[in-house]
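Reading the sequence shown from the start, the letters are residues 1 to 412 in the numbering used here. Note that beta-carbon positions come from the ideal geometry of N, C-alpha and C, so glycine has one too. For clarity, every value in this text was computed on a predicted model and none was experimentally measured.
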Amino acid sequence: MSQLRPARGTHDLLGEELLRHRHVAATGREIARRYGYGEIATPIFEFTEVFQRTLGETSDIVTKEMYTFEDRGGDRLTLRPENTASVVRAVISGGLAQELPQKFFYYGPMFRYERPQKGRLRQFHQIGVELIGSSEPMADVEVIALGAHILEALGVLPQTVLELNTLGDRESRQAYREVLVRYLEDHKDRLSRDSLARLERNPMRILDSKDEGDRAVVAEAPLLHDYLNQASRDFFARVQEGLAQLGVAFQLSPRLVRGLDYYTHTAFEFTTTALGAQGAVMAGGRYDGLMREMGGPDVPGVGWAAGVERLAMLLPEAPAQPRPVAIVPIGPEAEAEAWRLADKLRRAGIAVDLAFKGKPGQRMKRADRIGARFAVSIGSDELARGVVKLRDLDSGAEEELSQEALPARLAG
Ligand code: ATP
Ligand code: MG
Numbered sequence: 001m002s003q004l005r006p007a008r009g010t011h012d013l014l015g016e017e018l019l020r021h022r023h024v025a026a027t028g029r030e031i032a033r034r035y036g037y038g039e040i041a042t043p044i045f046e047f048t049e050v051f052q053r054t055l056g057e058t059s060d061i062v063t064k065e066m067y068t069f070e071d072r073g074g075d076r077l078t079l080r081p082e083n084t085a086s087v088v089r090a091v092i093s094g095g096l097a098q099e100l101p102q103k104f105f106y107y108g109p110m111f112r113y114e115r116p117q118k119g120r121l122r123q124f125h126q127i128g129v130e131l132i133g134s135s136e137p138m139a140d141v142e143v144i145a146l147g148a149h150i151l152e153a154l155g156v157l158p159q160t161v162l163e164l165n166t167l168g169d170r171e172s173r174q175a176y177r178e179v180l181v182r183y184l185e186d187h188k189d190r191l192s193r194d195s196l197a198r199l200e201r202n203p204m205r206i207l208d209s210k211d212e213g214d215r216a217v218v219a220e221a222p223l224l225h226d227y228l229n230q231a232s233r234d235f236f237a238r239v240q241e242g243l244a245q246l247g248v249a250f251q252l253s254p255r256l257v258r259g260l261d262y263y264t265h266t267a268f269e270f271t272t273t274a275l276g277a278q279g280a281v282m283a284g285g286r287y288d289g290l291m292r293e294m295g296g297p298d299v300p301g302v303g304w305a306a307g308v309e310r311l312a313m314l315l316p317e318a319p320a321q322p323r324p325v326a327i328v329p330i331g332p333e334a335e336a337e338a339w340r341l342a343d344k345l346r347r348a349g350i351a352v353d354l355a356f357k358g359k360p361g362q363r364m365k366r367a368d369r370i371g372a373r374f375a376v377s378i379g380s381d382e383l384a385r386g387v388v389k390l391r392d393l394d395s396g397a398e399e400e401l402s403q404e405a406l407p408a409r410l411a412g
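Have a look at this one:
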């Protein structure tokens, strides 16, 4: 074995970190359920085209970040870098667009070949929702409110700001595009090589560039907002009204755009300053052109995705975990009874630790080390009388009780 480390940008999850991770996923799933979003789990890999066509040939994800390979049968496959394209693909291939709207929640690993740093991994996880088949502004409002609700339930909402913008409809974007290209052409000498390539194919994406030189140019670029047509303005106004009605606080960010090709109208991001450079925790928007772009019917959609690792780091405290009970047999004759008792308690839903060997003193130490709530000891005297000794490991108090009374006492 040459490499006994996890591959760069990947991570083993266990202990408290895994608890945090699971808590984020479970909370997301539960809140989404209350809004009528059922879970969908799409495959971890898809035909490369699913992502290539939809994310755009010039996007960072497609040009630099995808894990793409040819399998033994010669198919070109890609580990999913994000899940919206997969969910839309699933709606098309499952014929689900017959009955709309469809609402989905998902959770799972995503893969991007990135430079790993805090909050930026090559295998990371997302929770996300997709609402497919409604072009009403209230659909955008529901999706954003659901996201805010999840952040609130996790206790992280106060550490975030909701930034909101609109990219307008196709017509508005087209009008803006011309103005933007003219502006960028004038500042060509200051643009990065990547952005020069984007200038012809997708100039809007330059607005989302992370390159510092690009950002300086973008900071002075004309604003899309000034080129929105009336329909796009109305739509955006209704989204803002809906959010205000539901008490979802937001701030307008006229320079917020999404890095992918398929977005229209609403774009938003919950960001935080608590995670250093990796400030985006939940990001999404409306993607009305996506399904048609993939070769399906012309069905609109809106959704978001959130980074589970980033949310897990923001959790104010580690989720509580039920503490186990340690059984400590004293002397060899109590050993078999200890195993029987452990079995009984486990079947009653109680977590039980029983060491395979060791003196009573060593076993009591182990009980402390694993954070047991109680130690239940059985010696020959207890054995003869059908009782056990229960020690509260927090207070040190001891009591004797019958084996029958034990499950109720431990559950309470
Ligand atoms: P960033 O600007 O941080 O690169 P992004 O725009 O690429 O984010 P999206 O594609 O919108 O991110 O994904 C949604 C969310 O998934 C992000 O807001 C972030 O919380 C999380 N995320 C994205 N890439 C990574 C990664 N490599 N590692 C961990 N989390 C990630
Ligand atoms: Mg990225």
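So, is the C-beta of residue i closer than 8 Å to a C-beta in chain B?
| i | result |
| --- | --- |
| residue 22 | As a matter of chain content, chain B is missing from the structure shown, which is built from one protein chain. |
Quick check on DSSP: helix, strand or coil for residue i?
| i | result |
| --- | --- |
| residue 11 | coil |
| residue 187 | coil |
| residue 276 | coil |
| residue 69 | strand |
| residue 195 | helix |
| residue 378 | strand |
| residue 102 | strand |
| residue 485 | Examination of residue 485 is not possible in this model, given that the chain is present from 1 through 412 alone. |
| residue 42 | coil |
| residue 76 | strand |
| residue 415 | With the chain running from 1 to 412 in the structure shown, residue 415 is simply not present. |
| residue 240 | helix |
| residue 406 | helix |
| residue 161 | strand |
Measuring only the C-alpha atoms, how far is residue i from residue j?
| i | j | result |
| --- | --- | --- |
| residue 210 | residue 277 | 11 Å |
| residue 242 | residue 4 | 52 Å |
| residue 231 | residue 299 | 18 Å |
| residue 369 | residue 356 | 16 Å |
| residue 391 | residue 397 | 6 Å |
| residue 70 | residue 46 | 11 Å |
| residue 148 | residue 156 | 9 Å |
| residue 385 | residue 312 | 49 Å |
| residue 354 | residue 24 | 31 Å |
| residue 329 | residue 377 | 6 Å |
| residue 97 | residue 372 | 52 Å |
Hey, out of the options, whose CA is closest to residue i's CA?
| i | options | result |
| --- | --- | --- |
| residue 315 | 152, 39 and 404 | 152 |
| residue 295 | 26, 50, 18 and 19 | 50 |
| residue 236 | 323, 141, 100 and 29 | 141 |
| residue 79 | 109, 54 and 96 | 109 |
| residue 395 | 113, 375, 369 and 131 | 375 |
| residue 410 | 325, 303 and 155 | 325 |
| residue 89 | 180, 272, 290 and 116 | 290 |
| residue 159 | 31, 281 and 381 | 281 |
| residue 343 | 358, 331, 332 and 327 | 327 |
Tell me, which residues are paired with residue i by DSSP?
| i | result |
| --- | --- |
| residue 282 | 270 and 306 |
| residue 389 | 377 and 400 |
| residue 353 | 326 |
| residue 471 | This structure leaves residue 471 out entirely; the chain is present only between 1 and 412. |
| residue 58 | DSSP lists no partner for residue 58. |
| residue 27 | In DSSP, residue 27 forms no bridge with anything. |
| residue 117 | 120 |
Self-check item: Touching by the beta-carbon criterion (3+ pairs, under 8 Å), the segment 303 to 318 and the segment 119 to 137
Solution: Three or more Cβ pairs drawn from the segment 303 to 318 and the segment 119 to 137 lie within less than 8 Å of each other, which places the two stretches in contact.
Self-check item: Stretch-stretch touch, CB-based, cutoff 8 Å, three pairs: the segment 74 to 91 with the segment 199 to 215
Solution: Using a Cβ-Cβ distance cut-off of 8 Å, the segment 74 to 91 and the segment 199 to 215 are not in contact, since fewer than three pairs of beta carbons, one from each stretch, lie closer than that value.
Self-check item: Any 3 or more C-beta pairs closer than 8 Å across the segment 194 to 203 and the segment 45 to 61
Solution: They touch, by the three-pair rule.
Quiz item: Quick one: any contact between the segment 255 to 272 and the segment 281 to 293, if contact means 3 or more CB pairs under 8 Å?
Solution: Two segments are said to touch when three or more pairs of C-beta atoms, one from each, lie closer than 8 Å; by this definition the segment 255 to 272 touches the segment 281 to 293.
Quiz item: Between the segment 243 to 255 and the segment 186 to 194, do three or more beta carbon pairs fall short of 8 Å?
Solution: No, they do not touch.
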